[in-house]
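Number of protein chains: 2
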Amino acid sequence: MYGLIAKLTAVPNKREELIKILEEGTKNMPGCRSYILAKDAADENVVWVTEIWDRAESHDASLSLATVKDSVARAKPLIAGFEKVAVTNPVGGVGFPSAS
Amino acid sequence: MYGLIAKLTAVPNKREELIKILEEGTKNMPGCRSYILAKDAADENVVWVTEIWDRAESHDASLSLATVKDSVARAKPLIAGFEKVAVTNPVGGVGFPSAS
Numbered sequence: 647m648y649g650l651i652a653k654l655t656a657v658p659n660k661r662e663e664l665i666k667i668l669e670e671g672t673k674n675m676p677g678c679r680s681y682i683l684a685k686d687a688a689d690e691n692v693v694w695v696t697e698i699w700d701r702a703e704s705h706d707a708s709l710s711l712a713t714v715k716d717s718v719a720r721a722k723p724l725i726a727g728f729e730k731v732a733v734t735n736p737v738g739g740v741g742f743p744s745a746s
Numbered sequence: 647m648y649g650l651i652a653k654l655t656a657v658p659n660k661r662e663e664l665i666k667i668l669e670e671g672t673k674n675m676p677g678c679r680s681y682i683l684a685k686d687a688a689d690e691n692v693v694w695v696t697e698i699w700d701r702a703e704s705h706d707a708s709l710s711l712a713t714v715k716d717s718v719a720r721a722k723p724l725i726a727g728f729e730k731v732a733v734t735n736p737v738g739g740v741g742f743p744s745a746s
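First to last, the protein sequences are chains B and A. Residue 647 is where the first sequence starts when you use our numbering, and the numbers rise one by one after that. Residue 647 is where the second sequence starts when you use our numbering, and the numbers rise one by one after that.
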């Protein structure tokens, strides 16, 4: 499988709105096994996104989905910083999504 | 909910063994909703651990479980570095674990 860990920094006071947009826009992405949004406990502007996909191509293809493109367009003005922390290959553990 | 993102660096050539120990030792932890192990795609020694717990107290209590203590003892010699990258409050998204 293919994974991503990303750190987004929202424009001040826009984290809640950013999370809502990302949550709504990523509901139906083929090949996406997990897309978890988490607030940083120490920095009120930071959102962590951890993703698990069946393969990298599914992730890449998702960027062309109308729902995702719309979500990205609406999220962009609320994002002050983006850091791709890691590209991974998730392998197991509690809650690991089963293969399709 | 309570979350952690941690970056472990294994001793050279010990990543597979480290992952196996962590996977086996963390199967039955009360309050643990997700504990995903992922290999870094760029660094052959790095393992990412992303955790979701019902609350911080469950995580803290897990460290006293016999299975976890045994796992930690066996994993320790295989770990060259540990970085707690983030403490989080997971809030939603695809695959978000439902509350108990």
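From the three backbone atoms N, C-alpha and C, an ideal C-beta is built for every residue, glycine too.
Within-9 Å CB hit, residue i to chain B
i: A/Lys-722; result: no
i: A/Ile-651; result: yes
i: A/Val-718; result: no
i: A/Val-731; result: yes
i: A/Asn-691; result: no
i: A/Thr-734; result: yes
i: A/Ala-687; result: yes
Nonlocal neighbours in the same chain, by C-beta distance under 6 Å from residue i, ignoring five residues either side
i: B/Ala-732; result: Ile-651
i: B/Ala-702; result: Tyr-648
i: A/Thr-696; result: Ile-651, Ile-682
i: B/Cys-678; result: Trp-699
i: A/Ala-712; result: none
i: A/Lys-660; result: Leu-724
i: B/Ala-656; result: Leu-664, Asn-691, Leu-724
i: A/Ser-708; result: Met-675, Val-714
Short CB-CB distance (under 9 Å) between residue i and chain D
i: A/Gly-741; result: Of the chains in the structure shown, none is chain D; the protein chains are B and A.
Residues sharing a beta bridge with residue i, DSSP
i: B/Ala-726; result: Looking at the DSSP assignment, B/Ala-726 forms no beta bridge with any residue, so it has no partner.
i: A/Ala-684; result: B/Pro-736, A/Trp-694
i: A/Lys-653; result: A/Trp-694, A/Glu-729
Proximity test, Cβ basis, 9 Å: residue i and chain A
i: B/Asp-700; result: no
i: B/Asp-706; result: no
i: B/Ile-682; result: yes
i: B/Val-714; result: no
Chain-ordered chain A contacts of residue i [CB-CB under 7 Å]
i: B/Glu-669; result: Gly-738, Gly-739
Other residues of its chain near residue i: CB distance less than 7 Å, five sequence neighbours each side excluded
i: A/Pro-658; result: Asn-691
i: B/Thr-721; result: Reading the sequence as shown, one finds Ala at residue 721 of chain B and not Thr. Answer for B/Ala-721: Leu-664, Ile-667, Leu-668, listed in chain order.
i: A/Glu-729; result: Ala-652, Lys-653
Listed by chain order, chain B residues near residue i by CB distance under 8 Å
i: A/Lys-660; result: Per Cβ cutoff of 8 Å: no residues; A/Lys-660 is ~15 Å from chain B at best.
i: A/Thr-655; result: Within 8 Å Cβ-Cβ: nothing; A/Thr-655 doesn't reach chain B, min ~12 Å.
Partners in chain A for residue i, counting only beta-carbon separations shorter than 8 Å
i: B/Thr-672; result: Gly-739, Val-740
CB-CB length for residue i against residue j, believed under 8 Å
i: B/Ile-682; j: A/Pro-736; result: 6 Å
i: B/Ser-717; j: B/Glu-670; result: 7 Å
i: B/Pro-743; j: B/Ser-704; result: Going by Cβ atoms, the distance from B/Pro-743 to B/Ser-704 rounds to 13 Å, so no, they are not a contact pair.
i: A/Ile-698; j: A/Leu-654; result: Contact flag wrong, Cβ pair sits at about 18 Å.
i: B/Thr-672; j: A/Ala-684; result: Not confirmed; about 19 Å, so no contact.
Partners in chain B for residue i, counting only beta-carbon separations shorter than 7 Å
i: A/Ile-725; result: Residues of chain B passing the Cβ test: none, with the nearest at roughly 16 Å.
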